[in-house]
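K.L.:
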DNA sequence: CGATGTTACTTACTCAAAGTTAGTTGCTGA
DNA sequence: TCAGCAACTAACTTTGAGTAAGTAACATCG
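Residue numbers (my numbering), protein chains in the order written: chain U, 1 to 118; chain S, 1 to 118.
Structure representation (structure tokens):
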């Protein structure tokens, strides 16, 4: 129970969600509060309705988001993070910090002072 | 430059690596120090040589790992994390913490005191 | 000398996941 | 009646991941 190998079960469980396309984006855009289907679609750059519907369904099944229907008409559906979904925020922040490292490392031609020749 | 929207470029850059299958596992097992090809393969549960070779090549191209050849024979190849690769550690730890939340949330029938009937 | 083993890969093939386009339902307003 | 909106769903194509077997360079065994 106190063991914590690099590829422990909790790590793999989280990766199972995180490595599926769009999931990390969908959860991130919901961090600021509930959104409707079309609002998520508008905030997640190039996602297709088909993928968004599938992912939201999976995230709901895994208790990361809750789906609420407002009967309208027109019917509106809102998606909101559960506590487990909100817990992703720390992960997202760590990812953003690491992404900064990545971009910095990719282009080490940083400061335009003393340009390299050639 | 001080803006930091939920889906900022750094987040997407990191996700580009992180969401590809096996990457988060490969980088994690390298956290403890350099490993040879076959050692990585042995530590990452069910990965095929084909995938491992492809992923290591990509990670090398993105400057997350360095590849070193010891001419043997038999030739041995070692893979080690770069500083950017080592920076993933914080992400991995955040993922493990979140994974714990996920597993806890999935089975809320936790404490065996006052068992539910049925 | 030829057979077998080792390490770090390739190559060829198969199948599932993801992407693209179009269609559906129930209602509103022109 | 026709277009439009919201939240999907269905059919089809492309891409990515998985499986199995093969390769190169040498080393040892018999």
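Each residue gets a CB set at the ideal place from its N, CA and C atoms; glycine is no exception.
Opposite residue 66 of chain S in the DSSP bridges: which residues?
P.N.:
Answer by DSSP bridge pairing, in chain order: S/80.
K.L.:
For residue 96 of chain U, list the residues DSSP reports as bridge partners.
P.N.:
None, per the DSSP bridge assignment.
K.L.:
Roughly how many angstroms lie between the CA atoms of residue 113 of chain S and residue 84 of chain U, to the nearest whole one?
P.N.:
Only weak support is given to the placement of residue 113 of chain S: the predicted model assigns it a pLDDT of 49, under 50, and the value that follows is read from those uncertain coordinates. Using only the alpha carbons, I get a separation of about 24 Å.
K.L.:
Among S/80, S/55 and S/23, which one has its Cα closest to the Cα of residue 69 of chain S?
P.N.:
Among S/80, S/55 and S/23, the Cα nearest to that of residue 69 of chain S belongs to S/80.
K.L.:
Where does residue 18 of chain S sit, in a helix, a strand or coil, going by DSSP?
P.N.:
Three-state result, residue 18 of chain S: helix.
K.L.:
What did DSSP end up calling residue 59 of chain S once you bin it into helix, strand or coil?
P.N.:
In this structure, residue 59 of chain S counts as helix in the three-state DSSP scheme.
K.L.:
Output needed in chain order: residues of the segment 83 to 103 of chain U with a Cβ under 8 Å from some Cβ in chain S.
P.N.:
So the close ones are 83, 84, 87, 88, 90, 91, 92, 93, 94, 95, 96, 97, 98, 99, 100, 101, 102 and 103.
K.L.:
My guess is that residue 24 of chain S and residue 18 of chain S are in contact by the Cβ rule of under 8 Å, so how many angstroms apart are they, rounded?
P.N.:
6 Å between Cβ atoms; contact.
K.L.:
When the distance is taken between beta carbons, is residue 41 of chain U closer than 7 Å to residue 52 of chain U?
P.N.:
Yes, these two residues count as a Cβ contact at 7 Å.
K.L.:
Classify residue 75 of chain S: buried if its beta carbon has 16 or more other beta carbons within 10 angstroms, exposed otherwise.
P.N.:
When all chains shown are included, residue 75 of chain S counts as exposed.
K.L.:
Going along chain S in order, which residues have a C-beta closer than 8 Å to the C-beta of residue 32 of chain U?
P.N.:
Result: 6.
K.L.:
By DSSP's criteria, residue 35 of chain S is part of a beta bridge. Which residues make up the other side?
P.N.:
BP columns for residue 35 of chain S point to S/79.
K.L.:
Could you tell me the alpha carbon to alpha carbon distance between residue 93 of chain S and residue 31 of chain S, rounded to whole angstroms?
P.N.:
One C-alpha to the other measures close to 11 Å.
K.L.:
For residue 63 of chain U, I'd like the list of residues in its chain whose CB is within less than 7 Å of its CB, leaving aside the five on either flank, ordered along the chain.
P.N.:
82 and 84, listed in sequence order.
K.L.:
When the Cα of residue 6 of chain S is compared with those of U/88, U/12 and U/72, which residue comes out closest?
P.N.:
Ranking the options by Cα distance to residue 6 of chain S, first place goes to U/88.
K.L.:
Can you give me the start and stop residues for the alpha helix (DSSP H) that residue 46 of chain U sits inside?
P.N.:
Segment: none, residue 46 of chain U is in no alpha helix (DSSP H) and carries neither H nor E.
K.L.:
Look at the Cβ atom of residue 28 of chain U, then the Cβ atom of residue 99 of chain S, and state whether they are nearer than 7 Å.
P.N.:
No, these two residues do not count as a Cβ contact at 7 Å.
K.L.:
Cα-Cα, which of U/34, U/26 and U/103 is closest to residue 49 of chain U?
P.N.:
Taking only the C-alpha atoms, the option nearest residue 49 of chain U is U/26.
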